[in-house]
Each structure stands twice: as structure tokens, then as C-alpha cells.
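Residue numbers (this note's numbering): 3 to 167.
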């Protein structure tokens, strides 16, 4: 196993633990930080589409199992975010300052929309209230924090682009 793979697995475990224990208690105007999306986007921007897909699947499935949500509720959007962000990585300059902001904004928006849609189908969640009170603040908070989270997470990952075997 490579050094990058082990660090991604460790980051995934830490992200799921933080998402389930500490971060639910911190809200800014109703918006909560989604560290799962941040880790998956950083991995996919650093290592490409396949690594992003695998990280999204692993982290999402672990989050679904540990946090007690419906199986696939976090895994499905994280897989898609990881793959498409990694695909985008080939076409953009990933070290530009605005790339993490845009990717964090779009990734969080997509994640929250998919979770909201699946929650509406499975649990009859009221869209309007959830959209205004949770979706909008969460997307804005994550987009605002993404440059610092991205910078911190990229320091934890190996700087060389290694294959995640």
C-alpha cells in the first residue's frame, strides 16, 4: 500500500468521525461544515477521477454505516462528486485560488440537493423549509471555508501524485 492510500484512508476515517461527533454542534446561520465533501474533492483534485470515485464510495459508505443514515444517502453523491471533480482536475489549473471555492460550492450544492431529493422520496422531508434553513447556509459556509480546508488537507497528502493502489 502506498503512503497516499494510507493517508486518504486515515483522512476518511477522521472526516467521518468529525462529521458525526463534533461538526453537528457548530452551525453558522444554520449552515454546517461538510468535511466529507471537502475530503473527497481534495482527493479527486489531487489524484484524479478514479481516486475521487474510490474515496467518495469508501467515505460515503462508511458515513452511511457509522452515522446511521440510509445506505447510499451519502455514498451516491460523494461518488459522483469524486468522479466529476477528478475528471475536472485534468482541465483546470487546480492550484488557482478560486478552484477550491467553486468546487466546494458546487460539490456541496450537489451533495445537499441529492440528499434532499433522496430524503424527500424516502422520508417525505419538506423541501421549502429544508432548502431555506439548511441548504443555502450550508452551501455558503462550505464555499467560504473551502480554500482553508483545501490548503490544510493538501498539506496532509503526499505532494507527489502517486497511484492509490
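The beta carbon of each residue, even a glycine, is placed where N, CA and C say it ideally should be.
### Euclidean distance between Cα positions of residue 151 and residue 36
Taking the first residue of the chain shown as position 1, residue 151 is located at position 149. Taking the first residue of the chain shown as position 1, residue 36 is located at position 34. Each residue's Cα considered, the two are about 11 angstroms apart.
### Message
So if DSSP puts residue 44 in a beta bridge, which residue, or which two residues, is it bridged to?
### Response
For the purposes of this step, residue 44 is identified with residue 42 of the chain shown, where counting begins at 1. Partner(s): none; residue 44 has no beta bridge.
### Query
Who are the near neighbours of residue 51 in its chain, counting only those whose CB is closer than 6 angstroms to its CB and skipping five residues on each side?
Walking along the chain shown from the start, residue 51 turns up at place 49. Counting only Cβ-Cβ distances below 6 angstroms, and skipping sequence neighbours, we find 85, 88 and 89.
### Query
Nearest to residue 146 by alpha carbon, out of 111, 131 and 120?
Here residue 146 is taken as the residue at index 144 of the chain shown, counted from 1. It is 111 whose Cα lies nearest to the Cα of residue 146.
### Task
Go ahead and pull the three-state DSSP assignment for residue 30.
Residue mapping note: residue 30 aligns to position 28 of the chain shown, counting from 1. It is a strand residue.
### Query
So residue 11 packs on residue 45, CB below 8 angstroms; how close in whole Å?
Translated into positions along the chain shown, residue 11 becomes position 9. Translated into positions along the chain shown, residue 45 becomes position 43. At roughly 10 angstroms, the Cβ-Cβ gap does not stay under 8 angstroms, so residue 11 and residue 45 are not in contact.
### Task
May I ask which residues mark the beginning and end of the alpha helix (DSSP H) holding residue 121?
As a position in the chain shown, residue 121 is number 119, starting the count at 1. 100-125 is the extent of the alpha helix (DSSP H) around residue 121.
### Task
Express the C-alpha separation of residue 73 and residue 65 in angstroms, rounding to a whole number.
Counting from 1 along the chain shown, the entry for residue 65 is found at position 63. Counting from 1 along the chain shown, the entry for residue 73 is found at position 71. Residue 65 and residue 73: Cα-Cα distance of roughly 9 angstroms.
#### Entry: residue 137 - containing alpha helix (DSSP H), residue span
To locate residue 137, count along the chain shown from 1; it is residue 135. Premise fails: residue 137 is in no alpha helix (DSSP H) and is neither H nor E.
#### Entry: Cut-off 6 angstroms between Cβ atoms - residues of its own chain near residue 30, not counting five sequence neighbours on either side
Stepping through the chain shown from its first residue, residue 30 is reached at position 28. These residues qualify, in order along the chain: 143.
### Task
Report the option in 149, 148, 38 and 118 whose CA atom is closest to the CA atom of residue 134.
Locating residue 134 in the chain shown gives position 132, counting from the first residue. Here the closest residue by C-alpha is 118.
### Query
Going by Cα to Cα distance, which pick from 41, 102 and 69 is closest to residue 81?
Numbered from its first residue, the chain shown carries residue 81 at position 79. It is 41.
### Query
With residue 61 and residue 17 assumed to form a contact (beta carbons below 8 angstroms), what rounded beta-carbon distance in angstroms separates them?
Working through the chain shown from its first residue, we reach residue 61 at position 59. Working through the chain shown from its first residue, we reach residue 17 at position 15. Confirmed, Cβ separation roughly 6 angstroms.
### Message
Below 8 angstroms on the Cβ atoms is my contact criterion, and I expect residue 243 with residue 149 to pass it. Report the Cβ-Cβ distance as a whole number of Å.
### Response
Within the shown structure, residues of the chain are numbered from 3 to 167, placing residue 243 beyond reach of any answer.
### Task
Compare the beta carbon distance of residue 109 and residue 43 with 7 angstroms and say whether it is the shorter of the two.
Working through the chain shown from its first residue, we reach residue 109 at position 107. Working through the chain shown from its first residue, we reach residue 43 at position 41. Their beta carbons are under 7 angstroms apart, which means residue 109 touches residue 43 by this criterion.
### Query
Within 6 angstroms: the Cβ of residue 63 and any heavy atom of the ligand SAH?
With respect to the ligand SAH, the structure offers nothing, as it holds no ligand at all.
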